[in-house]
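Right, one structure below, let's go through it.
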Amino acid sequence: MIPEPKVVNTIINGDSKQILVSERDSLLEALRDRIGMTGAKEGCNNGNCGACAVIMDGRLVNSCCVMAAEVEGSEIMTVEGLASRDELHPLQTEFLDNAALQCGICTPGFLMSSYALLQENPNPTEEETRFWLAGNLCRCTGYDKIIESVLTVAKG
Amino acid sequence: MQAVNYARATDVDDAIRLLSEGGENARVLAGGTDLIVQARERKRKVDLLVDVKHVEEFMVLEFDSSTGLKVGAATPLYQVYGDNNVKINYPALVDASTVIGGKAIQGRASLGGNLGNSSPAGDSLAAMIVLGGVATIAGPNGRREVPVGEFCTGPGQNVLESGELIVYISFPPVGDGEGAAWERFIPRNEMDIAVASAGAWVKIEDGSVTDARIALGAVAATPLVASDAAEALIGRPLTDETISSAGDAASAIARPITDMRGSIKQRKHLAKILTERTIRTAVERIR
Amino acid sequence: MVATGKPQYKIIGTRPRRPDGVDKVTGRAQYGADIKLEGLLYGAVLRSPHAHALIKSIDTSKAEALDGVHAVITNADLVGSGQTVQPATAEALEPGKASPRWAAESILAGPKVLYHGHAVAAVAADDVHIAQDALELIDVEYEILPHVVDVQDAMLDGAPILHPQLRTGVRAAGVDTRSDIETNLASHMRLESGDIEKGFAAADLTIEREFTSSQFHQGYIEPQNATAFWSHDGRINIWTSTQGSFMARDATADVLGVPVAQVKVIPMEIGGGFGGKIPIYLEPMAAVLSKKSSRPVKMWMDREAVFQATGPTASSYSKVKIGVTNDGTITAAECLFAMGAGGYPGSPVGAGVMCALAPYKIDNQVIDGLDVVLNTPKTSAYRAPGAPATEYAVESVMDEIAEQLDMDPIDLRLVNVAEEGVKNSSGTPWPKIGAKDVLEAMKSHPHYLSEIQGEDVGRGIAIGFWFNGGMESSSSARVNKDGSIALILGSVDIGGSRASISMQLAETLGVTYEQIAPQVTDTDSVGYTAVTGGSRTTFAGGWVVYELGQMIKAEMISRASKIWDISGDEITYSDEGTVVGPDDAEGNKRAFSFNELASKLQATGGLIAVSASSSHTTQGAAYGGHIVDLKVDRDTGKTEILRYTAIQDVGTAIHPDYVEGQIQGGIAQGVGMALNEEYYYDSDGHLMNGSFLDYRVPVANDLPMLDVEMVEVPNPGHPFGVRGVGEVPIVPPQPTIRNAIYDAIGVRFYHTPMSPRRVLDELL
């Protein structure tokens, strides 16, 4: 049985979008395969790596664990929406200047997760930062420079 | 993802109708962090996802010091552990709900989902059991209440009949002299399934334990209500010896398996260690 | 940073932003799975549910009939497989010589499946869901065979045999023999020197221990992927995440049986590899699905497939015997290492053998290595392949020797440390190496000098070695009219090599880093370049751009000579990038800045375009030493890392942040191996923990900050003293942590990982 295509109305990074999805699509698949927004990455597709993290109605979620049909009427923010028209977000700048990425595949997820952390707790300790980011796997850096970057941005 | 349809329930009755009509492969979609993955990986046959998150009763979080706490089956965990009344009165729920998956999972996952998934290792289950949690279930034949400790019947299996779903879970108010805690053991510091977990609730009057509940996770086919461990405490002064005997009793009732996450020997030992630790933490938390 | 004899550099040693950085923090960078082509189909792979079975039949007809399915393939569709190539023979087992049939059967199983997850068939469909539906419609009839997943079990008489045609090839000390017995031993290698009997006779203390280790996976976050389009004219374009675009091209052409020039590989940004993205997996499948469907086909693995069917490193069995005199001098060493290669020959045991004793001067030594096939995924390289297992065994024995001699473990190593001129296990004298510098830096490090306190807290140390790679690299450069330089690289950039190579070109030419625009290109657009691996990329890439720089300098001088109408011999190219001639007849200075002269190139013969390929073997080995403080919870068996310091000879740190990052990343992976990562098979040979949930790579709160001290002993075999840095740091963590756990709780472990379960087993 192949379900009928379904239209999902949503707001992505401030822009209204109508996405034609399969009812079998996750939000991650809708973003990547249906509208070509490939900033969110698939690392595990089962909620254990955080590479697909986006913000849905103000909360950090793994977009692989959200059905596309569920975002009808929701607002989504992805890594593509982090920088303003004129400049990078301070987290992006600090990740670059502090070499917080090597291969970069986990970076979009870490940025979204770090953004969500600082929204909720603008002055996290190292321990709080490590705990918050534990749902995002990085295999390249050993986490040092990522944690340092988030703490640096928090300090302003 | 296997072929599924998605339906958004408009109220509790609508959810019951969708589930009833959908048959055995219709499933309730709360946070989806287990269900979506199981359906995608074709580990569970699902052809209809009934999203209940747009129905208020599934999303409640209400506290009243005289009646207790009511948590909607789909209320996301971050709301549970972020709530001041929960933090003050039900810290054992915070213990469990802050470590289920990472932050991105907690933005969606719920206590009701954790219970409905009925994994023996479900982190919140032992905590809910010792806190006296009761699931309110709605179905074609009306509503009924089932204590969390009696809800699961096997790995992934529970008391829900066709067309039934959990609406909310309620917890009794917290009285004087009561404290509770929950702890699990995982090999990493986050992002793991419990090798074993334990919850403890104790009531102490005049230096003696007058009531207690102990529950264990991941050491049997369902979460276990460790009555023997509680009995080892009740009526006794709280000493290292009584705590140790409660730990021994917990270990004795554990019926774990050896698998990729742990061995029988390890789990039986951890049942004791975690029981003892949570009893001590529970006591520390008594106001 | 400790540096000896390092010149003053202007660019090298600074920390500029990476050229690909903005794309990667804004989500714009195009990784393999991000590509979108018109008419794209999506692929999926059916994998074996059994560890070892004969395939009696495959019926794909129902899958082909499913609406939305465009192509289904099996091994028979791979041109290079089946009857066109002779069955693998013993000759195929010579090191470095792969069997073409096995190469194809590794992509899609032939008569047998050899491990749980072995690819059996593949489908291309309109979307990924339909492709997965189609997999359920493929009927495969298996005859299950006995299996073996343990390396020691696989060597036993009567073990299930994977390849009936396999015969042991013993290649030791000039001997090359073959037996007639069916075996899982794919090859044997031996390194020997001196007289070990005499050596052990001279020892006051001899310790012999056996060790085992589980299989570990590289655990890159980006799953393998490949998108292919096989045009009607026979041209095959492949977009993929690979560590080596040329190797992927050549291997794909071999499997498909097409000329190499027919295949173009376009390397996409790569989301980690650590050795695991050197082999090809999906590329030939995507190509053949594309040929069958006349559409581009994109495939990527799900995470379970990544764990089941790619990468892992070998499980190992080691036996190490070391004899010492009372002052700690090693008199002899005898080692045996067996490694599980997976379903087909080719474990990293050879590299492990060469590394095992490399930190030390040992006149009398014998090292044997055995390559063993078993029913697990075919292993691939993983960061210093082979070395973590063999050096873990040696460093563990060294710790026990130090304890028995009541010597400081660093002092014991200093007594025996390898230095320039000392012969290594292969009999070659070491050039200038930094092993001693590292040990001395460890001994005086504040971490080592600090006191440790607390119950069940311990400290351990160990050192590690990796020989680093040289091999072939190619680049080309064009000087634009404003002096900016387009730099074309053949090396895939997996962690910052666009930056580190551009920095070396800027240093060579005396220009700014910012005026160089590097890009990684496809296999049709640059000369052959070996894989990004073996810690070779910054070394070899630096060599090539140094050579390009010399060519550009010579051409710039030649243009100035034309303009000034004087001999080039009178013109010099300064370190600042200025072309200077003698004063003219009127006494005016003759000089052009790089950019000035660039603006005159078109008028003097055209813009400069140069290309170079080179292969240098002077890569320079590297050593690192680690110190850890940790605490063991006796109730749960869990180990908590409290403090970690790594000291490493990095040659010259081109971009110190990236060097630190490599070392920190290596430590984290090594900590994972030491404590929690491992493949878990059930009794039927099924891999049970093929997910990031149950294959436990370290998460952010498993680790403290990882302190790195870089020791710079420049490599005399490189224009800027570069040594590879990426692999050394994964070697010491296992023995370092093992030795510290002993210090903490008095228990010696002989298996990694030392998971809480295993620690508890010892304590209960």
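Chains as they are written, first to last, in our numbering: chain E, 1 to 156; chain F, 1 to 287; chain S, 1 to 764. Each residue gets a CB set at the ideal place from its N, CA and C atoms; glycine is no exception.
- Contact between Q602 of chain S and P388 of chain S is absent: CB atoms are separated by about 54 Å, not below the 8 Å threshold.
- The region 526-535 of chain S and the region 463-479 of chain S touch, with three or more beta-carbon pairs separated by less than 8 Å.
- Q119 of chain E and L28 of chain E have their alpha carbons spaced roughly 23 Å apart.
- Going by DSSP, R27 of chain F is part of the beta strand (DSSP E) stretching over 26-29.
- Counting only runs of 4 or more residues that sit fully inside the region 11-57 of chain F, the alpha helix (DSSP H) segments are 12-22, 35-40, in chain order.
- A straight-line Cα-Cα distance of about 16 Å links I273 of chain F and T639 of chain S.
- Taking 8 Å as the CB threshold, R184 of chain F stays off the interface with chain S.
- Rounded to the nearest whole angstrom, the C-alpha separation of A9 of chain F and D192 of chain F is 32 Å.
- Counting along the chain, no alpha helix (DSSP H) covers M1 of chain F, and no H or E run does either.
- At a beta-carbon threshold of 9 Å, the residues of chain S lying near E190 of chain F are V699, A700, N701, D702, ordered along the chain.
- Residues of the same chain with a CB within less than 6 Å of the CB of G110 of chain S, apart from the 5 flanking positions on each side, are N75 in chain order.
- Within the region 256-271 of chain F, the residues whose Cβ lies closer than 8 Å to any Cβ of chain S are, in chain order, D259, M260, R261, G262, S263, K265, Q266, H269, L270.
- Counting only Cβ-Cβ distances below 8 Å, I193 of chain F has contacts in chain S at L693, D694, in chain order.
- Interface flag for G464 of chain S against chain E is unset, since no Cβ pair is found closer than 8 Å.
- Between the alpha carbons of L597 of chain S and D493 of chain S lies a distance of about 31 Å.
- The three-state secondary structure of W239 of chain S, taken from DSSP, is strand.
- Between the alpha carbons of G672 of chain S and E57 of chain F lies a gap of roughly 44 Å.
- For C355 of chain S, no beta strand (DSSP E) encloses it; the enclosing alpha helix (DSSP H) starts and ends at 349-356.
- The beta-bridge partner set that DSSP reports for P429 of chain S consists of S:K423.
- With respect to the C-alpha of Y115 of chain E, the residue from F:A181, F:K103, F:V134 having the closest C-alpha is F:K103.
- The three-state secondary structure of M128 of chain F, taken from DSSP, is helix.
- Put simply, the CB of K638 of chain S is near chain F, with a gap under 8 Å to one of its CB atoms.
- Here Q224 of chain S is buried: its Cβ has 16 or more other Cβ atoms, across all protein chains shown, within 10 Å.
- Cβ neighbours of Q102 of chain E within its own chain (closer than 8 Å, five residues either side excluded): C140, T141.
- Counted as a single uninterrupted DSSP element, the alpha helix (DSSP H) harbouring S114 of chain E occupies residues 107-120.
- Close partners of I279 of chain F in chain S (Cβ separation under 7 Å) are lacking, with about 14 Å as the shortest Cβ gap.
- With respect to the 8 Å criterion, G577 of chain S and L487 of chain S are not classified as neighbours on the basis of their beta carbons.
- Here L693 of chain S is not bridged, per DSSP, to any residue.
- Shown in chain order are the members of the region 54-81 of chain E whose Cβ falls below 7 Å from a Cβ of chain F: R59, L60, V61, N62, C65, V66, M67, A69, E70.
- Here M442 of chain S has I410, Y448, I461, G625, I627, I647 as same chain residues with Cβ atoms under 7 Å from its own Cβ, once five neighbours each way along the sequence are excluded.
- Separation of the CB atoms of S683 of chain S and G427 of chain S is rounded to 45 Å, and the pair is thereby denied contact status at 8 Å.
- The shortest C-alpha to C-alpha distance from T33 of chain F to any of E:N48, E:L31, E:A30, E:M112 is the one to E:N48.
- Here DSSP, grouped into helix, strand and coil, assigns Y81 of chain F to helix.
- Within the same chain, Cβ atoms closer than 6 Å to the Cβ of E164 of chain F are found at I137, G139, the five residues on either side in sequence being excluded.
- Put simply, the CB of I12 of chain E is far from chain S, with every gap to its CB atoms at 8 Å or more.
- Nearest to A622 of chain S by alpha-carbon distance, out of S:K562, S:L630, S:I667, S:G726, is S:G726.
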